Amino acid sequence: MSWSHFPIFAIPALAIWISAAVLALRGRRVISTVLCCLGLVIYSSFIAGMWISLERPPMRTMGETRLWYVFFLNIAGLITYLRWKYRWIPSFSALLSTVFTCVNLFKPEIHDKTMMPALQSGWFVPHVTVYMFAYALLASAFLMAVYLLWIKKTPATRNEMAMTDNLTCIGLAFLTFGMLFGAFWAKIAWGHYWSWDPKETWAAVTWFIYLAYIHFRRSSPKNINLALVFQLVGFAALQICWWGINYLPSAQGSSIHTY
Amino acid sequence: MWQKPWKYSEAAAVGLGLTAVGVILQLVSGKIEWDVLAFPVNLILVAVLLAALLLMHSLRHRVHLFSWLGGIPCAVVSICFAAGLTMIMGLVRQAVPYAEIPGVLGRSGLRQMLSAWYFVLPYTWMTVSLGMATLRVAASAWTSRTLPFILNHLGLFLVLVCGVAGSADMKRLSMIAYEGSPEWRAIDKTKPSGGVIELPIAIELNDFIMEVYPQTQSPKRFASDVTIYVKDSEETSHTVSGTIEVNHPFSVKGWKIYQTGYDERLGNESPYSIFELVRDPWLPAVYIGLVMMLAGAVSLFLTAPGRIRKKEESL
Chain A
21 MSWSHFPIFA IPALAIWISA AVLALRGRRV ISTVLCCLGL VIYSSFIAGM WISLERPPMR
81 TMGETRLWYV FFLNIAGLIT YLRWKYRWIP SFSALLSTVF TCVNLFKPEI HDKTMMPALQ
141 SGWFVPHVTV YMFAYALLAS AFLMAVYLLW IKKTPATRNE MAMTDNLTCI GLAFLTFGML
201 FGAFWAKIAW GHYWSWDPKE TWAAVTWFIY LAYIHFRRSS PKNINLALVF QLVGFAALQI
261 CWWGINYLPS AQGSSIHTY
Chain B
11 MWQKPWKYSE AAAVGLGLTA VGVILQLVSG KIEWDVLAFP VNLILVAVLL AALLLMHSLR
71 HRVHLFSWLG GIPCAVVSIC FAAGLTMIMG LVRQAVPYAE IPGVLGRSGL RQMLSAWYFV
131 LPYTWMTVSL GMATLRVAAS AWTSRTLPFI LNHLGLFLVL VCGVAGSADM KRLSMIAYEG
191 SPEWRAIDKT KPSGGVIELP IAIELNDFIM EVYPQTQSPK RFASDVTIYV KDSEETSHTV
251 SGTIEVNHPF SVKGWKIYQT GYDERLGNES PYSIFELVRD PWLPAVYIGL VMMLAGAVSL
311 FLTAPGRIRK KEESL
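Listed in order, the protein sequences are those of chains A and B. Just so you know, we're using my numbering here: the first sequence kicks off at 21 and counts up by one. Just so you know, we're using my numbering here: the second sequence kicks off at 11 and counts up by one.
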């Protein structure tokens, strides 16, 4: 299995997810859920195949992390859909999956088996997967914020805010797991648990903003718009942390988080 | 503003005030020299901080400032200040703490934010707020949500306080060991002059091992087979043997020894191996904090869905 096989898996998975999204919008919940799962099976088969043929976890490059992002996005989307029954959730997962899959389809990466010794650790898989899961959850919270701020004309309901809060809480929990696993790993690999590497600096910024959000929601549950602004800023910081630092002049050549 | 109870606008004013004081201190006295925190100063300061927190906690009903410090508005705004300042740190290329940077940029501290007063003061404020919140919840009636709260807040408090206090006691040394000759000298990487330090342990490199990926010739694994001589007292010593490799540091006598480099032109034939020796006496305290945060995050995850708002407001 290699990136050349990716379209064979990605295009059917996307087609299935888009049909699931359309069916969900029409209220066909059961068939939509089944299709979501089917898409996940196809997508994860490709990830598993890559893992086996690369002889290492496919988590090193940006393209590889995008695979996991799409995977977790659909899992998080499915859980949210089943839990809160919003018809538009599968559309959102399908849209973001299409965007990230297209990036991988049109910007293919070189097939590369190498993994430098620093990455060969038991912490590698948990560190990356919990972060990708957190990113997917926080993306859902961000979309919810965009919907409530600009698309929906009536004020946000209690339920809608409870959903945003829960997505953020779980997202923050997983962000914490990712950060702490990273700290334990960094101690073993680099000699210190926190070095203020640009990636770590932006991870701290992101973590603080979501932390501020959940605290603010607790003290001022009525001030919804300001709370949602935290979501926008937090999501922007998250993007800088994930891929933006590759383009940030202050981080060029100074990050040891470059693979 | 300044009418009790204080809320967000007072917190914003305090934050701006602290940052302004920090800027003035920075311009007047220059960056913070963290070396002065070395043992026992760090231990004394931590004791003073804890005593001050307990004192403020006991006076919280009489002094409004103290009860406000442990409240959510103070937490939110101090976190925002920490986030904003950390963002600036992420946007300006950072230099090592001991570097002497000339000109206005050097004086401003923007390139050494971790040693800048206007960075450290708001972070300290956040830490104090965190401590006061922990004490407030620990002293009130315990519910099912108290323990997760304590784990999250006290965990982060421990990590911040012990991490900063311990940074002055942390040693990071670099050693180049040649095959067949024991080396006991190392260079302090955290000092500008890089003074040579003689250690109570000596490392003898027996063999440097390297494997590469056949296609790209990039390193797959590199490791050092070593014998370590440990001085127990003036007369007695013992030896230990082992392999030091990336992601597998070797612990001996309070030091952790990391594989960091080798002669990259010679690869497997490298006659020497470069090690980093790290000593961090405050690490156990930081790890207790990290594990508490881990447990706190688990409870945050478990209790997140389907919570009832009314219950939360009592916390």
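Glycine is no exception: its CB is placed at the ideal position from the N, C-alpha and C atoms. It should be emphasised that the depicted structure is a prediction, and the values quoted were computed from it without experimental measurement.
Coil, strand or helix - Phe167/B by DSSP: Looking at Phe167/B - three-state DSSP - the assignment turns out to be helix.
Is the shortest distance between the beta-carbon of Lys207/A and the beta-carbons of chain B less than 9 Å? yes
Across which residues does DSSP place Gln269/B in a beta bridge pair? Phe285/B
Do you know how far the Cα of Phe91/A is from the Cα of Thr121/A? 10 Å
State the Cα-Cα distance for the pair Asn245/A and Gln251/A, rounded to the nearest angstrom. Take the alpha-carbon of Asn245/A and the one of Gln251/A: they are about 10 Å apart.
Should Trp205/A be counted as a contact of the ligand FMN given a C-beta to heavy atom distance under 8 Å? The ligand content of the structure shown is nil, which means the ligand FMN is not present either.
Chain-order list of residues whose beta-carbon lies under 6 Å from that of Glu323/B (same chain, five-residue window excluded): Low local confidence applies: a pLDDT of 40 at Glu323/B is under 50, so the model's placement there is unreliable, with the coordinate-based value given in what follows. Once the five neighbours on either side are set aside, Glu323/B has no close Cβ partner at all.
Distance check for Lys181/B and Ile160/B, CA to CA, integer angstroms please. 31 Å
Can you tell me whether His147/A is buried or exposed, with buried defined as 16 or more other CB within 10 angstroms of its CB? buried
What runs of the alpha helix (DSSP H), each 4 residues or longer, lie entirely inside the region 150–235 of chain B? 156–177
Along the chain, where does the alpha helix (DSSP H) that runs through Val262/B open and close? Note, Val262/B: premise wrong, no alpha helix (DSSP H); beta strand (DSSP E) at Phe260 to Val262.
Under 8 Å, CB to CB, which of the residues in the region 140–152 of chain A have a partner in chain B? Gln140 and Ser141
Contact residues within the region 162–179 of chain B, judged by C-beta distance below 8 Å to chain A: Gly173
Please classify Tyr213/A: does DSSP put it in a helix, a strand, or coil? coil
Lys321/B versus Ala178/B: straight-line alpha-carbon distance, rounded: Low per-residue confidence applies at Lys321/B: pLDDT is 41, beneath 50, and the placement is therefore not dependable enough to give any value.
Taking the C-alpha atoms as reference points, what is the distance between Leu34/A and Ala156/A? Whole-angstrom Cα-Cα distance: 17 Å.
Considering only the beta carbon of each residue, do Gly306/B and Pro158/B sit closer than 9 Å? Yes, the Cβ-Cβ distance between Gly306/B and Pro158/B is below 9 Å.
Could you confirm whether any beta carbon from chain B is found closer than 9 Å to the beta carbon of Ile3/A? In the structure as shown, chain A starts at 21 and stops at 279, and residue 3/A therefore has no counterpart that could be examined.
Assuming Met199/A contacts Thr184/A under a Cβ cut-off of 8 Å, what Cβ separation, rounded to an integer in Å, is found between them? Actually they do not touch by this definition, with Cβ atoms about 22 Å apart.
Does the beta-carbon of Arg319/B have 16 or more other beta-carbons within 10 angstroms, so that it is buried, or is it exposed? Here the model assigns Arg319/B a pLDDT of 45, short of 50, so the residue's position is not dependable, and the following value carries that caveat. Exposed.
Three-state class that DSSP yields for Glu322/B in the structure shown: Reliability of the predicted coordinates at Glu322/B is poor, the pLDDT of 42 falling under 50, and the value obtained from them is presented with this limitation in mind. The answer is helix: DSSP assigns Glu322/B an H, G or I state.
How is Tyr106/A classed by DSSP in three states: helix, strand or coil? coil
What span of residues does the alpha helix (DSSP H) with Glu20/B cover, start to end? Where Glu20/B is concerned, the enclosing alpha helix (DSSP H) stretches over Tyr18 to Ser39.
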